[in-house]
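Colleague: Under the working numbering, the first residue of the sequence shown carries the number 487, and numbering increases by one thereafter. Think of the CB as a built atom: it goes at the ideal place given N, C-alpha and C, for glycine as much as any other residue. Treat the numbers as computed from the prediction; the structure is a model and nothing was measured. Let me begin by handing over the structure; questions about it come next.
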Amino acid sequence: MYNIIPMGTLGSGETTVSKKNTAKTLGSGGLDVFATPAMILLMENTAAESVAKFLDENFSTVGTKIDIKHLSPSPIGAKITCNTKVISQDRAKIEFEVKAFDNAGLIGEGKHERFIIDKENFMKKAMTKND
487 MYNIIPMGTL GSGETTVSKK NTAKTLGSGG LDVFATPAMI LLMENTAAES
537 VAKFLDENFS TVGTKIDIKH LSPSPIGAKI TCNTKVISQD RAKIEFEVKA
587 FDNAGLIGEG KHERFIIDKE NFMKKAMTKN D
C-alpha cells in the first residue's frame, strides 16, 4: 500500500545566490549567476520536503525525472524562492509542478517526478552494485 499524498500539497523553499551555487563554480557555465543545477536542487529538495510529513519513517522519496526551463539569470545576492505543488499521484509516483522566482519574477518552471520508496529496500538494491 502506498501513502496517499493530498493533491495540491504545496511546498516552499528558498536560497540566496552566492559564489557556491553559481554556474561558474558548479561548472555548468562560465558566469557568476544562479546555476541551473542549483535551481534543480532547490526544486527537488522543496518537493521532497513538502511530502515527507505524509510518509512513514521507513519511507522516503527519490527524484526520477525533471523537466524544467531556466528562463532568466539571477545574480549573486539574489534571493531565490521555490514553490512546488503535487499535481498527480499514481501509486508510488508523485508528480509536481515546480516554479522558481527571484525578486524580479519567474526564473524557472516545469515538472518534477518523485517515487515513494522503502529506504531499507532501496539501499539494499543500491549496495548490490558494489558486488
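1. Quick check: the Cα distance between G591 and V548, rounded to an integer number of angstroms?
2. List the whole-angstrom C-beta distance separating I588 from I602, where the pair is believed to meet the contact cut-off of C-beta under 8 Å.
3. Which residues mark the beginning and the end of the beta strand (DSSP E) in which K579 is found?
4. For S558, collect the residues of the same chain with a Cβ closer than 6 Å to its Cβ; drop the 5 residues on either side in sequence, then sort them by chain order.
5. So V519 is in the alpha helix (DSSP H); what residue range does that whole segment cover?
6. Can you grab the Cα-Cα spacing for the pair E543 / F608, in whole Å?
7. In the DSSP output, which residue or residues are listed as bridge partners for K555?
Modeller: In short, the structure shows the following:
1. Counting from one through the sequence shown, the residue named residue 591 turns up at place 105. Counting from one through the sequence shown, the residue named residue 548 turns up at place 62. In a straight line, the C-alpha of G591 is about 29 Å away from that of V548.
2. Within the sequence shown, numbered from 1, the residue matching residue 588 stands at position 102. Within the sequence shown, numbered from 1, the residue matching residue 602 stands at position 116. Residue identity differs from the one stated: residue 588 is Asp in this sequence, not Ile. Contact doesn't hold; Cβ gap of about 31 Å is too wide.
3. By 1-based counting over the sequence shown, the position of residue 579 is 93. Unbroken beta strand (DSSP E) run through K579: K579 to D588.
4. Taking the sequence shown and counting its residues from 1, the one referred to as residue 558 is at position 72. Within the same chain, S558 has close Cβ partners I593.
5. For this step, residue 519 is matched to residue 33 along the sequence shown. Note, V519: premise wrong, no alpha helix (DSSP H); not H, not E.
6. Walking along the sequence shown from the start, residue 543 turns up at place 57. Walking along the sequence shown from the start, residue 608 turns up at place 122. Going from the Cα of E543 to the Cα of F608 covers about 14 Å.
7. Against the sequence shown, residue 555 aligns to sequence position 69. Paired residue(s): E595.
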